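Asks: Using our numbering, you'd call the opening residue of the sequence shown number 67 and step up by one each time.
A single structure is presented below for examination.
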Amino acid sequence: MKLPCLEGCGQCCLNPEVDASTLEMIPIALKIFDDGKLEEWLTKLDGPTQDHCLFYVRGNEPWQGQCGIYQERPALCRMFGVGGYMNKEREVTLSICKYISQKYPAETLAAKEKAKTEKAPVFAIWTSLVSNLGTPDLNQRLPINEALKRALHKISLLAQYENL
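Below is the structure:
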């Protein structure tokens with residue numbers, strides 16, 4: 067069962083609690099480096115802080131927007147809407163956007179019931195699996211913009227060594 071995002075909606079991107087690990091942000095940092103925009107992004111990240119993801123691209127209406135790095139987005143963003151967490155009864159509870167729940171109440175209820183019997187991805191489990199790929203400093207959960215900044219610094223350092 068699919069629960070599609072509402073067209074033009076990017077409200078989840080405005081959540082200040084969106085986090086990522088430096089490791090998850092390395093592919094995005096590499097793309098930024100390959101595009102020749104490393105310094106531009108480091109300057110953005112050193113500028114005034116903002117609570118939401120810097121990759122959020124605002125639309126024409128206040129509620130409209132979208133992810134500017136959709137193909138490279140980190141794990142939390144990929145799993146939102148299809149992933150969940152374990153509740154007190156040790157059942158998977160899906161993390162579904164309130165706007166999707168309001169627009170598709172029957173489908174939301176059906177998806178939540180289905181998640182109890184099927185294996186929906188659990189955020190904590192996938193975070194743990196990803197953390198096995200890197201070192202503790204790369205795995206620390208940080209606000210998404212901070213994780214990007216650290217990834218960019220690592221890529222910048224690597225590029226400096228390659229140029230020696």
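The beta-carbon is built from N, C-alpha and C at its ideal position, and this holds for glycine as well.
Quick caveat, the model's predicted, so the values are computed rather than measured.
Is residue 227 helix, strand or coil by DSSP?
Replies: Helix at residue 227.
Asks: Which same chain residues, not among the five before or five after residue 200, have their C-beta less than 6 Å away from its C-beta?
Replies: Taken in chain order, the residues that qualify are 89.
Asks: Taking only three categories from DSSP, how would you classify residue 160?
Replies: Looking at residue 160 - three-state DSSP - the assignment turns out to be strand.
Asks: Thinking C-alpha only, which one of 206, 226 and 211 is nearest residue 110?
Replies: Of the candidates 206, 226 and 211, the one whose C-alpha sits nearest the C-alpha of residue 110 is 211.
Asks: Sort 174, 227, 170 and 141 by Cα distance to residue 191 and report the nearest one.
Replies: The option with the nearest alpha carbon to residue 191 is 141.
Asks: If you scan the segment 106 to 149 from start to end, which runs of the alpha helix (DSSP H) of 4 or more residues do you find wholly inside it?
Replies: 141 to 145, all fully within the segment 106 to 149.
Asks: Please report the distance separating the alpha-carbon of residue 167 from that of residue 84.
Replies: Roughly 20 Å separates the two Cα atoms.
Asks: Where does residue 202 fall in DSSP's three states?
Replies: Three-state DSSP puts residue 202 in a helix.
Asks: Excluding five sequence neighbours on each side, which residues of the same chain lie with their C-beta closer than 7 Å to the C-beta of residue 158?
Replies: 150, 152, 181, 182, 186 and 188.
Asks: Can you tell me whether residue 181 is helix, strand or coil according to DSSP?
Replies: Here residue 181 sits in helix by DSSP.
Asks: Run through DSSP, which three-state label would residue 170 get?
Replies: Note: residue 170 maps to coil in three-state DSSP.
Asks: For residue 96, which residues from the same chain have a beta carbon less than 7 Å from its beta carbon, with the 5 sequence-adjacent residues on both sides left out?
Replies: Only 221 meet the Cβ criterion.
Asks: So, at 7 Å on beta carbons, what are the nonlocal neighbours of residue 119 in its own chain, with the 5 sequence-adjacent residues on each side left out?
Replies: Only 79, 84, 210 and 211 meet the Cβ criterion.
Asks: Does the Cβ of residue 217 have 16 or more other Cβ atoms within 10 Å, making it buried, or fewer, making it exposed?
Replies: When all chains shown are included, residue 217 counts as buried.
Asks: CB residue 162 to CB residue 177, shorter than 8 Å?
Replies: Going by C-beta atoms, residue 162 is nearer than 8 Å to residue 177.
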